[in-house]
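Numbering (this note's numbering), first residue to last: 7 to 347.
Heads up, the beta-carbon is just placed ideally off N, CA and C, and yes, glycines get one too.
Structural data, given as structure tokens:
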């Protein structure tokens with residue numbers, strides 16, 4: 007479900023070379039020879055072992071990085087969108103391709119220098135050729151060092167993405183802090199919601215699943231730190247993170263607190279609603295008034311008038327009142343939207 011969980015660990019270029027050359031020296035040192043073996047035979051065996059071991063380690067480590075990454079073209083929805091928004095799909099492919107190409111350059115160097123060492127006439131010549139091989143391999147790794155650093159950071163980020171089931175509808179919950187979003191997600195989720203890190207934010211994403219007759223019918227996603235304050239106040243990375251989560255959604259629930267106990271005025275909440283709607287483009291946004299169990303009728307009526315141009319749902323997440331109807335309506339709208347497509 008989360009396609010990046012098994013991504014390989016990406017070492018820096020320096021770390022890769024240290025690992026390869028250290029193991030190469032250890033392998034060469036472990037060789038044993040019969041008494042009377044000519045020095046040139048021993049020297050060539052040691053230097054060939056060094057070159058083969060270092061080449062094999064660098065080749066396989068680079069190959070593992072590339073092969074651990076799923077085919078970008080096979081990725082669906084949110085995960086491919088995330089790569090495209092933050093890194094660029096074509097750029098990511100180029101970087102992976104350059105690592106793959108470098109692995110074969112290493113392999114060619116390994117084979118070439120093994121052949122040359124086999125033809126060496128003296129121990130000194132064999133040693134000199136091994137040093138040359140190390141230098142050439144180091145140059146290849148140095149050339150891709152920045153790309154390895156890029157992938158190390160990107161892989162860490164991608165591994166931390168929440169597990170999203172793209173085969174069922176996704177409902178993303180938005181609204182200011184303390185309006186009742188987490189209470190709502192907990193109340194409607196059939197199983198305990200999963201808490202996962204979300205890159206470029208200081209908060210976690212909460213992913214709940216809703217089942218009916220033992221069948222998962224949708225996922226509901228709470229995004230603390232993302233869709234809970236004006237988008238105009240965000241930095242570039244935060245805006246990109248918001249774009250990715252909106253790409254993920256089939257529909258967005260905007261939860262409002264008419265009691266003002268959350269600390270935000272009705273005007274502030276409606277302004278945030280407007281920003282989210284303008285940012286979400288063609289994604290449906292449903293407004294839900296929460297805390298109707300403690301809201302006074304006068305305030306409720308005022309909010310209804312403010313939002314008279316649209317359908318507004320009402321619920322009490324704390325008491326569980328109307329929460330099922332909110333989900334049913336959201337799924338109905340998703341179905342109608344898909345039908346229109």
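| Query | Result |
| --- | --- |
| Option nearest residue 134 by Cα separation, candidates 73, 172, 54 | 54 |
| Minimum C-alpha distance to residue 50 - residue among 333, 338, 211, 119 | 119 |
| 3-residue-minimum beta strand (DSSP E) runs that sit fully inside the segment 167 to 250, ordered along the chain | 176 to 180, 200 to 203, 210 to 218, 221 to 228 |
| Start-end ranges of the beta strand (DSSP E) lying completely within the segment 250 to 319, minimum 3 residues | 257 to 262, 291 to 295 |
| Buried or exposed by the 16-neighbour rule on C-beta atoms within 10 Å, applied to residue 18 | exposed |
| Rounded Cβ spacing between residue 105 and residue 153 (contact assumed at less than 8 Å) | 6 Å |
| 7 Å Cβ shell around residue 191 - same chain, five flanking residues per side excluded | 179, 199, 212, 214, 226, 228 |
| Reference residue 351, options 314, 336, 140, 234, closest by Cα | No information on residue 351 is available, as it lies outside the stretch 7 to 347 that the chain covers here. |
| First through last residue of the alpha helix (DSSP H) which encompasses residue 64 | 45 to 73 |
| Environment of residue 302 [buried if 16+ CB atoms lie within 10 Å] | exposed |
| Which of helix, strand or coil DSSP assigns to residue 347 | Annotation note: pLDDT 49 at residue 347 (below 50); position unreliable, no value reported. |
| Supposed contact pair residue 261 and residue 294 - C-beta distance, whole angstroms, cut 8 Å | 5 Å |
| For residue 169 and residue 130, the rounded distance between their alpha carbons | 57 Å |
| Nearest-angstrom beta carbon gap, residue 172 and residue 82 [assumed within contact, 8 Å] | 5 Å |
| Proximity of residue 292 and residue 323 at Cβ, strictly below 9 Å | no |
| Nonlocal neighbours in the same chain, by C-beta distance under 7 Å from residue 347, ignoring five residues either side | Because residue 347 sits at a pLDDT of 49, beneath the cut-off of 50, its placement in the model cannot be relied upon, and the point is left open. |
| Of the listed residues 112, 91, 136, nearest to residue 164 (C-alpha basis) | 91 |
| Buried or exposed (CB count within 10 angstroms, at least 16 for buried), residue 263 | buried |
| Burial state of residue 127 (16 or more Cβ within 10 Å) | exposed |
| CA-to-CA distance, residue 320 to residue 328, given in whole angstroms | 7 Å |
| Residue 327 (DSSP reduced to helix, strand or coil) | strand |
| Whole-angstrom distance between residue 216 and residue 222, CA atom to CA atom | 6 Å |
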